[in-house]
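*Asks:* Could you have a look at this structure, given as structure tokens, before my questions?
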Amino acid sequence: MTKSVRVLQLLLLSCFTSAPPAAAESGNHLVTAPHPPVVEIGTDFTATCMIINTAEVTADDLYWKRAQATVPKEQYTKINTTALNVTIHVSGERNEWLFCFCKNVSDNVILNQGKFMHGVLLQKGYRPRKPENISCIALQEETIISPIITCSWDAAGRQTKDVATNFKLIVKVINSIIVNVSTEGNSASVPLNTFPHCMELEIWVEAKNKLGTIQSERLRRDSGYFVKTDPPANIQIISEKSFPTSLLINWNLPIISLYVGLMYEIRFCQNGSHDWAYVPLVDTARNIQSFRLQNFRPDTVYVTQVRCKDHREDYGYWSEWTSNATERTPEDQPKGKPDLWRIVSESDVGERRVQFVCKDPVFANGRIIRFDMKVQEQKDKVKNTSWESFPVNRSDHSSSSTLKDVLLADQSALKVSVTAVNSVGSSAAASLFIPETAHELAPVRELRGGVHGGQMRLQWKPPNTAAVTEYVVQWVSGDGMDWQRENRSTTHTVIKGDLRKFVCYTVSVYPIYSGWTGQEATVQVFLEQSAPEEGPAVRLHRQPGRNEAELEWTEIPQSSRRGFITNYTIFYKSGGELHSVTVPSNTTSFTLRSLTGNTKYDTWIRASTAAGSAEGSRHSFTTLKYAPGEIELVVVGASLGFLFVVVMTMVICISKKETIKKNFWPQIPNPGESTIGYWSPDYPLKAETPKENCLSGISVLDVDMCDGKMVFDEDKTSLPLKKDKYLSEEHSSGIGGSSCMSSPRQSVSDSDEGGDPVDTTASTVQYSSVVASNGYKGQTPSSQAAIFSRSESTQPLLDCEENPDMLVQEGSRHQRRPADNDPAHFNQLLEMEQQEVLEPLDFCPLEEDSELTRTDEQSADWLPTAPASSYMPQLGGYKQQ
Amino acid sequence: MNGRVQRMSFQQFMELTTTLLPLLLVMAVDSTRTVAASSSNQQCGNSLQQTLKLTRFVQKESVLLIKTYKAAQGEMSELFCKVSVNDVPDPNISGLEPSERIASIYTHLQAFMAHFKRVYEQQTDLQLPSSPLLGELTAVSSRSRDLAALMNGFYQSLFPNLPMPEPAGGPTMLPPPQNVFQQKVYGCAVLRTYKEFLSNVARELRTLKGKVCRRRMETNTFLLRMT
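Here it is as structure tokens:
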């Protein structure tokens, strides 16, 4: 066996060596073979490399490279010293080169590398696979079957770009012609002269590429097997008044029966429904052109379609369905009873408003044009009430009709009967009993509502008390209301109405006891919940405090809730700090505490449902700087403190009155009580008189500087009187009370009248002591205040005291230096006072004094101010006394 | 003793076997042949049935074609379609033996195809290209070709050793150039004759169905008996 293989290889070699003259001519010393146009992917490929025209290298020096990689030596087979085989497994779809190289065994090889290499281009592809699932069709063209037969098939296997597979569709009319057409795709059309009716066809597909050819299975069928006609033409549907439950369909043949004998399929459904019902094929005989559909509902629109195919089994394709043929069946008398129900609402006390509503019977069999209604109070059973008609307004798209509103006393019961009437006749009567309020029978127990599979489901337990004949399930949303009836054994049901998502339905279940309505059981259900449409609007309930603010909000309107509110979350934010508080859904106000005073807060509320949440509008407020009452508290505290201080001061003043009096108002001896008063020879008795008006014997005048003139006028009028009466005392006053402004004037005028001041002074000298006081310092710290304390001493003046010249000198010194308590100094002051008394110019009237102020610089420093500032408080003090 | 008895029983068995074996062989071969004959007969029937079906179809189509032809020729078509013409093939089937009659059908079909071609050429000049008559003429001509092919196949299946005889009168004789009226008369005569011929063919095939295919079965059975 091995020998034979070797022999074959040698034969191949001999062929190859003679085959590549081109390589030899080009000077190559290596030649590869074979050079197939295509190699099949997944197979092994063997190539041979031969050394020609040189003995410099041998097969041992050869090696193979494939896609830049050296082929392992295990895949080499040495044929002889000049030939080397390699076997590789063809994989991948990309073309590649298989090169034979020579090792650099000599300089010649190195210098002529181009002559010591040769390659095989491996163009890869897949062998064609047998096409499968051939199907052919010949369509109707106008009134005949088209002579063009179109076929399609599944191309098995894969192709590469360089090795594409072509297909040839071959149609053979048995015993007649054979036609073919080529394509690269998976379908093709073969044109014949005419469609070969009554002939057998044999159809197959041939797949071909560079690697080979293969044919599909042959499809041999009668030509009728491939025919597809047009659908039946001119379909008509006829409604006959005398047959309210049937419709007649007519149509035309799409093609003459000579070419194709047809069978038909008919289907129908109610208008708007796509739940087709099919007429059994056995009922649609061959070549019929009409069919009567029966057992339809009266006054119902039906849609009908028809299609056809070759009547022979497995022959031909079904045509497309015809377009819709739509017709309404005629009306018939209503079957069954109308669905009567009531809506009870509260009215005045002791009354109910009962509204009766009615739906058409399930089998209305036509358009209900009116309802006839009879209302009978149970107390008046004998009374024969008449029927009342309520026309049905068909513009109203609601499924129910409102019949009548009745005000019914709580203690009354009603029986209502209703029949539905269409153009053909009336239905049986439906009855409903409205019991007295107190006698309403028991409701269902443990009513629960939920949603499952996109449907609203209810579940309940029947009442224990009495036998229920049926249930009425009523659902209300906003102003919409509907109901459905369930039989007595029902304990759970699905609401069949057109429910909307995100709407709260109040669902009630009423047990019906032989027509008598029982009490309702109610539950609220959402078909589907979502986030609320809007959030609650928050606002402040009252003005915020310093650390708290009371918020309040209104509930989201029912139409915007879109779900059950599970809770509210209150957010409040100041600066970058966000706080939140979650409160239950039944809360509509909340007080935020621990707020910072004098801070602006933004607040908003998020309402949450099971399916999401929505935030309301934001509201801003600023907390107060001071809490309410805080300012009042401070003011009151301060006031109380001040009051306390005042009171304490007063208490101290009262308790320490003597001390204060002693300090501020020192006891000044009354000159009137002085014994010196009696030594005046001129006025021994008159001197006593002023005591009545002036305790201290000093006449006190409240003198304003501006009122000085008026005072002068008054004084001038009273001057003649006073001159006589008080001459002596005024004179005395001028000595001891230089603080009294009038006294010096009197003294001056007195002196002006011709009195000899020197003599007077010399003859009536009084002792006065001047005491420096701290109280005066406090009033006029800058002035040279002095208290003149009248001395009761009658001791004769010293010589030095009688010398006015010395006093003037001392007075000038006294102006430059404040008085002190030095006794010597005191004496000097006393002398200065005496000097002032003696100098009439010092006791001039205010006018003159003012003139003096302008003329005499020295006296301007202290004379005008000293008497005014130092004596005024002293006058007050005397007033109190 | 026992060995002798055994030998005698063996001999009897062998004799019985020798007698029954040919009979069993004949029965086996007969059953095989019966199955083969039955299959061949069925094939004959199917082939004949299909030929008959196509003949009926073409006949009905020719009726439609004549209507279309008359409608396309305008007035007086009914009148000139009754005129007999000599240059059209004889609608009758000739021959005595089935093979001859089948061959006659075949040659007639060939002849009619030549006439259809002439009529088509004439009507192409007389009708608009969109006229349905041209399409129907093409269709009938094609079906005649198919019918001829089926007849040939049927003949070959029935008489595999008998070559289809050539037409007795040589190539089909077509009429000389004609005027328009003559063309119209000629075309209608061809179609009418063709329809009549197809009626004869259908009748002949129905006859052959009971004659040829059954005889073939009987012949096969006879041959089997002889062997």
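Chains A and B supply the protein sequences, listed in that same order. Going by our numbering, the first sequence opens with residue 71, and the numbers climb by one from there. Going by our numbering, the second sequence opens with residue 24, and the numbers climb by one from there. Where is the CB? At the ideal position from N, CA and C, for every residue including glycine.
1. Less than 8 Å between the beta carbons of Tyr671/A and Ser644/A, yes or no?
2. Any chance the stretch 264-278 of chain A sits against the stretch 286-306 of chain A, with 3 or more Cβ pairs inside 8 Å?
3. So, are the CB atoms of Asp409/A and Gly436/A less than 8 Å apart?
4. Can you pull the chain B neighbours of Pro266/A, defined as C-beta to C-beta under 7 Å?
5. Specify, as a first and last residue, the run of the alpha helix (DSSP H) that Val101/A falls within.
6. When DSSP labels each residue in this structure, what does Ser547/A get in the three-state scheme?
7. Which residues in the same chain have their Cβ closer than 8 Å to the Cβ of Glu33/A, if we skip the five residues on either side of it in sequence?
8. Can you find the residues in the same chain that come closer than 7 Å, C-beta to C-beta, to Leu80/A, ignoring five residues on each side of it along the sequence?
9. Using 8 Å as the threshold, is the stretch 334-346 of chain A in touch with the stretch 251-264 of chain A, meaning 3 or more CB pairs across them?
10. Going by beta-carbon coordinates alone, are Ala490/A and Pro431/A separated by less than 8 Å?
11. Who are the near neighbours of Lys234/B in its chain, counting only those whose CB is closer than 6 Å to its CB and skipping five residues on each side?
12. Taking C-alpha atoms, which residue in Tyr387/A, Gln183/A, Gly189/A, Glu144/A lies nearest to Asn165/A?
13. Quick check on DSSP: helix, strand or coil for His344/A?
14. Against chain B, with Cβ distances strictly below 8 Å, would Met120/A count as a contact?
15. For Ala95/B versus Ser154/B, is the C-beta spacing smaller than 8 Å?
16. Run through chain A and tell me which residues come within less than 7 Å of Thr161/B, C-beta to C-beta.
17. By Cβ distance, which residues of its chain are closer than 8 Å to Arg215/B, with the 5 residues on each side in sequence left out?
18. Whole angstroms is fine: what's the gap from Ser659/A's alpha carbon to Pro606/A's?
19. For Ile207/A, which of helix, strand or coil comes out of DSSP?
20. So, is the C-beta of Asn245/A closer than 8 Å to a C-beta in chain B?
21. With H, G and I counted as helix, E and B as strand and the rest as coil, what does DSSP make of Ala490/A?
22. If you measure between the beta carbons of Gln599/A and Val564/A, is that distance less than 8 Å?
23. Could you name the residues that DSSP lists as bridge partners for Thr61/A?
24. Quick one: what does DSSP say Asn617/A is sitting in, helix, strand or coil?
25. Should Leu332/A be flagged as near chain B, meaning a C-beta pair shorter than 8 Å?
26. Where does Ala303/A land, buried or exposed, given buried means 16+ other C-beta within 10 angstroms?
27. What three-state label does DSSP hand Cys574/A in the structure shown?
28. What did DSSP end up calling Met136/B once you bin it into helix, strand or coil?
29. Would you check if the stretch 198-211 of chain B and the stretch 123-136 of chain B touch, i.e. whether three or more CB-CB distances between them fall below 8 Å?
30. Any beta carbon of chain A sitting closer than 8 Å to that of Val235/B?
31. Val251/A to Val243/A, Cα distance in whole Å?
32. Check the Cβ of Leu328/A against every Cβ in chain B and list those closer than 8 Å, keeping chain order.
33. Between the stretch 393-401 of chain A and the stretch 358-376 of chain A, are three or more C-beta pairs nearer than 8 Å?
34. Taking Cβ positions, are Asp475/A and Arg423/A nearer each other than 8 Å?
35. DSSP three-state label for Ala258/A, please.
36. What does the Cβ neighbour count give for Ser547/A, buried or exposed, with the cut at 16 atoms within 10 Å?
*Replies:* Straight from the coordinates:
1. Yes, Cβ-Cβ distance for Tyr671/A and Ser644/A is below 8 Å.
2. The answer is yes - the stretch 286-306 of chain A touches the stretch 264-278 of chain A, with three or more Cβ pairs under 8 Å.
3. No, the pair does not count as a contact, with Cβ atoms beyond the cut-off.
4. Those are Asp169, listed as they occur along chain B.
5. First-last for Val101/A: 100-103, but that is the beta strand (DSSP E), not the alpha helix (DSSP H).
6. For Ser547/A, the three-state secondary structure derived from DSSP is strand.
7. Nothing in the structure corresponds to residue 33/A, since chain A is present only between 71 and 951.
8. Only weak support exists for where Leu80/A lies, its pLDDT of 47 falling under 50; the value from the coordinates is given anyway. Residues of the same chain with a CB within less than 7 Å of the CB of Leu80/A, apart from the 5 flanking positions on each side, do not exist.
9. Short answer: they don't touch.
10. In contact: Ala490/A and Pro431/A (Cβ atoms closer than 8 Å).
11. Hits under 6 Å: none found.
12. Comparing Cα-Cα distances from Asn165/A to each of Tyr387/A, Gln183/A, Gly189/A, Glu144/A, the minimum goes to Gly189/A.
13. Of the three classes helix, strand and coil, the one that applies to His344/A here is coil, per DSSP.
14. No, no contact with chain B.
15. Contact: yes.
16. Identification of chain A residues near Thr161/B by a Cβ-Cβ cut-off of 7 Å yields Asn263, Thr264, ordered along the chain.
17. Result list for Arg215/B: Ile89, Cys104, in chain order.
18. Roughly 11 Å between the two C-alpha positions.
19. Residue state, collapsed to three classes: strand.
20. Taking Cβ atoms only, chain B reaches closer than 8 Å to Asn245/A, which makes this a yes.
21. Shown here, Ala490/A sits in a strand according to DSSP, grouped into three states.
22. No, the pair does not count as a contact, with Cβ atoms beyond the cut-off.
23. With chain A represented from 71 up to 951, any question about residue 61/A goes unanswered, as that position is not in the structure.
24. If DSSP states are grouped into helix, strand and coil, Asn617/A belongs with coil.
25. No, Leu332/A does not count as interfacial toward chain B.
26. By the beta-carbon neighbour count (other beta carbons within 10 angstroms, threshold 16), Ala303/A is exposed.
27. Under the three-state reduction of DSSP output, Cys574/A falls in the strand class.
28. DSSP places Met136/B in helix when its eight states are reduced to three.
29. When Cβ pairs closer than 8 Å are counted between the two stretches, the stretch 123-136 of chain B is seen not to touch the stretch 198-211 of chain B, the count staying below three.
30. It does not; no Cβ of chain A falls within 8 Å.
31. Their Cα atoms are separated by approximately 15 Å.
32. Within chain B, Phe80, Lys83, Glu84, Leu87 have C-beta atoms less than 8 Å from the C-beta of Leu328/A, given in sequence order.
33. Touching, per the Cβ criterion.
34. A contact, by the Cβ cut-off of 8 Å.
35. Reduced to three states, the DSSP call for Ala258/A is strand.
36. With 16 or more Cβ atoms within 10 Å of its Cβ, Ser547/A is classed as buried.
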